[in-house]
Structure formats: C-alpha cells, structure tokens
Amino acid sequence: MVEIWDNVIALALLKGYYEAGLIFIEVYIMKVAIIGTGYVGLPTGVGLAELGNEVFCVDKMEEKICALNAGELTLYEDGLEELFKKNVQNGRLTFTTNMAKAVIGADVVLLAVGTPPHPVTKEADLQYIYAAAEELAQYLDGYTVVATKSTVPVGTGDEIEAIVRKVNPQADVDVISLPEFLREGFAIHDFFHPDRIVVGANSKKACKVMQKLYAPFVGKTEFLWVKRKSSEAIKYASNAFLAMKIHYINEMADFCENSGADIHEVAKGMGMDSRIGSKFLNAGPGYGGSCFPKDTNAMAQMGRKYGVRLNLIETTIAKNDERKKEMAERVISKIKNNPQGKIAVLGLAFKGGTDDCRESPAMDILREMLEHSSNISVFDPKAMANAEKLLGARVTYAKDAYEACENAEIMVILTEWEDFKNLDLKRIRGLMKAHKIVDLRNMLQAEEVKKSGFEYSCIGMNS
Ligand code: UDX
39 MVEIWDNVIA LALLKGYYEA GLIFIEVYIM KVAIIGTGYV GLPTGVGLAE
89 LGNEVFCVDK MEEKICALNA GELTLYEDGL EELFKKNVQN GRLTFTTNMA
139 KAVIGADVVL LAVGTPPHPV TKEADLQYIY AAAEELAQYL DGYTVVATKS
189 TVPVGTGDEI EAIVRKVNPQ ADVDVISLPE FLREGFAIHD FFHPDRIVVG
239 ANSKKACKVM QKLYAPFVGK TEFLWVKRKS SEAIKYASNA FLAMKIHYIN
289 EMADFCENSG ADIHEVAKGM GMDSRIGSKF LNAGPGYGGS CFPKDTNAMA
339 QMGRKYGVRL NLIETTIAKN DERKKEMAER VISKIKNNPQ GKIAVLGLAF
389 KGGTDDCRES PAMDILREML EHSSNISVFD PKAMANAEKL LGARVTYAKD
439 AYEACENAEI MVILTEWEDF KNLDLKRIRG LMKAHKIVDL RNMLQAEEVK
489 KSGFEYSCIG MNS
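Position one of the sequence shown corresponds to residue 39 (this note's numbering), numbered consecutively onward.
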C-alpha cells in the first residue's frame, strides 16, 4: 500500500520551493511507450514528446502507422498538427507496429487502447487492453510502470497485473491507473493545463516515476495520489456526473420552454453558485461522443455487478436516448406539411471542435429525420469524411453552410461549432425557399434571427 502522505508532503514541499523560486523543476527524460494511437493515445504521445520524453506510439493498424510516419495525422485535434510535426522531426516521437521496439527499455508504458461497449451487455469490452497487456509483458526489462490510460472498470488493474505477472513472472513492474480527462477537440490544451492529475498506485516506487514524468506540472496542477481502484472509479464517477449535469440542464430547458423562463438566464444564475459551477450547463439535443454514452452504461453495469442500483445514472441514460428522438420530432413537425421540402443540417460531429461522429446526437437525430425525409443536405466544418462513412449516399454533402441551405425549407443546427454563430443570416435568407431555423445548440441570437425574417426555435426558451 502506497504511503500517500509521503507523496503529498514531498509534492507540497516541491510546490512551495518552486513557487518561491528556490528550485527549478528538473525535467527527466524518459522512454515512454504508448499502446493505441486514438483520441487519447496520440495527443498524449505528442504532449509527452513535447515535454522532452522519447515517445514510441504503437498501434496494430498498419495503415495508421504508415500515415503517421508519413507525417499525416489520423484524427483532427486543435493544435495537434504543429506539435506532432515538430516532435517527429526532432526524433522524440516515433510510430511503430513493433511492440518490442517500443516496450524494451521503456520506463513507462501507457495503455491507451479502446474499451468499446459490449454490443449486448454494454459493459466495457476489455479484450483489447488484456491482449495488449499480454503482448507487452514479454518485453518488459528493468523497472517499468505500466499505466492504464483507457477508461476501465474498477478492478481492471488487478487483472492486468495478473496477466503481466503470468506472462513474465520475473518482470520488475508496477501496474497503475492514470485516468485521462482530455476532452476531444481540446486534448492538447487539456494535456498542458490539466485540472488534476490522478494517480492510482499501490506502489510508492511507481508514484516516484509518475512524479518524474509529470515534473513539469508540479506547482501548476493538483496531484491526487489514491488507491488503484479509487482512481479507476474516479474516471467513471466524473464522466457519469457530467452526463447527469447535462441531462439535468436539458430537463430544466424543457421546463423553461413550458413555464416561460429562459434557460440561458437560469443556467447563468445557477452557474454563479460556485458549488454548482458554470460549466456543462449548455442545454442541447443530448450528450454524445465516445465517452459519456459508453461510460454511463458501463458505470450502470458496474453498479449492478456490485449490487448497487445507480438510479440517477440509469435515468440519465434512458432520458438522453429519448431526448434525441424528441429533437428529431421537433424538426419533422415543422415540415409535416411539406415532407419533400429540403432540410439543411449544420453540424454532424458529436460536439464542436472535433471530426468525431461516434455516438453523435447529430447523427442519431439525422437518422430519425431520414425516416421521414429523403431530401437532406448536410455540412460540418470537420466531420464530413467521418459522417460520409456512416451515412453514405442517403444525404447530400454541401461544401459549406450556404450551399447546404440552398432551396432549403428549414435549417437545423445540431453541433455547437463556433463558426455557426457568425453565419450571414441575410445571405441564408436569400438562399432558402422557406425561412425556418431550428437551433438545437442555441448558437444564434434569437432576436437577431427573428429580425432577419426567420421563424426561429431553440432550446429552453419559448421562442
Ligand atoms: C468527455 C469528458 O469531458 C472528458 O473529461 C473525458 O476524458 C472524455 O469524455 P468529450 O467526450 O471529449 O469529453 O466531450 P465533452 O466536451 O465532455 O462533451 C460530451 C458531450 O456533451 C457532447 O455531445 C457535448 O455536446 C455535450 N455537452 C457538453 C452538452 O450538451 N452540454 C454541455 O454543457 C457540455
């Protein structure tokens, strides 16, 4: 059991000395292997290379590694490209399919492979992470910390440790939990400005290695040293809480629509209470993405496994699914007199700032709309290619918002892209056949839209 207080005191001292200008924080250069080059692994790899470490990113997908080695990013993240290119050029960032090359001699191995939901049980599917643990174990040499970055159920660290020790009983290794809180679209920002760094370790030696890896953050970021299982639970509990917060504000938005209150004003007033906080109070069409839907389901399953019914989370999941259907109905009801009328859809990604369409509310709403209309034109600033993989020829793809709106009867905003705030409404009015806007992300100013001659409806206010 780690002596947590030793670490807390050591860090507090370091922080004090650092703030008093008495010491410089020494940056340790480590060899870090990262298994998985997705939305977690790739930005983390780039970030750790930028801090000066020698980073090897491993992936099984040959074409992905080829693209990355050819200097092509395989996903969009704001600010990623510049740091990616810089660190590939200076030799600190290498991409490989060769696990041995990455793991032999590594001080730290980060597991960042996917833990997708099981199609039936909705539990996190751990086959990839267990397979990676089994494969990497044979190459461990010298003391190594194997840290789980992927979101994994409580107790997975125990399983990974058992696998590693079985494959390589001689290995000098500690398995820890190092949950990732990066938001897609802001991953680089979040990497360099984390709210907290949570380390779940049952070994003091492993904590020391993490102190070294994250030395540049000492004095700037809160560190939390906890048991491995607590750390695993923190990730799920945080994501489930945020999902519930979004569900709550969406329910309040419905209430505002019926009662005559305005959700903007209500959210602002609530957010001014520091106990509530102003973040994650944007009402919308429901949450989506690769994390919240998956993690809330996995948390609910975990609760059942441990005999605790997590009613708030289960209700959040069910209501969030219902909400997307309700949102589609709102749009459909506006064109029921003209089912052949063209619908312009702006926004396909699960949120602004990313090209990711996984579990996107926009895609679910669009699929519902396609049951009633075959005349839909779509535009998203970054997610067109990913959307096309999912939607194929069922919609037409516009080159920009204006082309999508040509001859449309109704324009629908489904993703919170900042660009949509600055649309030229006069121009759009001239392009559209009828003048209805359904803004499910409250991106536009109601008064301005109405003044421009549109029938406008948004979320949480009786427009
Ligand atoms: C989330 C967590 O925020 C992050 O800490 C974790 O590491 C991964 O999961 P991410 O999935 O990138 O990050 O998206 P996030 O910004 O949290 O948004 C999730 C969903 O909630 C999106 O569909 C977004 O549009 C929606 N949302 C968010 C709202 O509807 N309202 C809000 O106020 C905030």
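Ideal Cβ positions, reconstructed from N, Cα and C, are used throughout, including at glycine.
Taking residue i as the reference, which of the options has the closest Cα?
i: I272; options: N375, L113, V190, V369; result: V190
i: D97; options: L80, D311, V383; result: L80
i: L482; options: K471, I451, L350, G491; result: I451
i: A472; options: G379, D116, A338; result: G379
i: D418; options: T186, E454, G491; result: E454
i: G180; options: H410, I167, A144; result: A144
For residue i and residue j, what's the separation of their Cα atoms in angstroms?
i: E447; j: M248; result: 56 Å
i: V93; j: M137; result: 13 Å
i: C443; j: L149; result: 44 Å
i: K509; j: I355; result: Residue 509 is absent from the structure shown; the chain starts at 39 and stops at 501.
i: T159; j: F388; result: 23 Å
i: K363; j: M401; result: 11 Å
i: A436; j: E197; result: 48 Å
i: V213; j: D163; result: 19 Å
i: H231; j: P377; result: 48 Å
i: A253; j: I67; result: 10 Å
i: Q339; j: E161; result: 6 Å
i: E287; j: Y494; result: According to the sequence shown, residue 287 is Ile rather than Glu. Rounded to the nearest angstrom, the two C-alpha atoms are 21 Å apart.
i: R361; j: E485; result: 26 Å
i: A140; j: N107; result: 15 Å
i: T153; j: S188; result: 7 Å
Buried or exposed, going by whether 16 or more other CB atoms sit within 10 Å of the CB of residue i?
i: I284; result: buried
i: V40; result: Confidence in V40 is poor, its pLDDT being 40 and thus under 50, which makes the residue's placement unreliable; the coordinate value appears in the next sentence. Per the 10 Å Cβ criterion, buried.
i: I373; result: buried
i: A423; result: exposed
i: D210; result: exposed
i: F293; result: exposed
i: E399; result: Correcting the residue identity first, residue 399 is Pro in this sequence and not Glu. Looking at its Cβ environment, which holds 16 or more other Cβ atoms inside 10 Å, P399 is buried.
i: V346; result: exposed
i: C104; result: exposed
i: E218; result: buried
i: K427; result: exposed
i: R432; result: exposed
i: E186; result: Glu is not the amino acid found at residue 186; the sequence shown has Thr there. Buried.
i: T132; result: buried
Using 8 Å as the threshold, is the C-beta distance between residue i and residue j below it?
i: C245; j: V236; result: no
i: I142; j: A321; result: no
i: P155; j: K357; result: no
i: V5; j: I73; result: This structure gives no information on residue 5, because the portion of the chain shown stretches from 39 to 501.
i: K124; j: G109; result: no
How close, in whole Å, do the beta carbons of residue i and residue j come, if the pair is a contact with beta carbons under 8 Å?
i: Y440; j: I414; result: In fact, because the Cβ distance is near 16 Å, the residues do not count as touching under 8 Å.
i: T259; j: R234; result: 7 Å
i: T134; j: T75; result: Not confirmed; about 10 Å, so no contact.
i: S215; j: E270; result: 5 Å
i: V369; j: V264; result: Contact doesn't hold; Cβ gap of about 45 Å is too wide.
Considering only heavy atoms of ligand 3, does any lie closer than 7 Å to the CB of residue i?
i: G109; result: You won't find ligand 3 in this model; what it holds is ligand 1.
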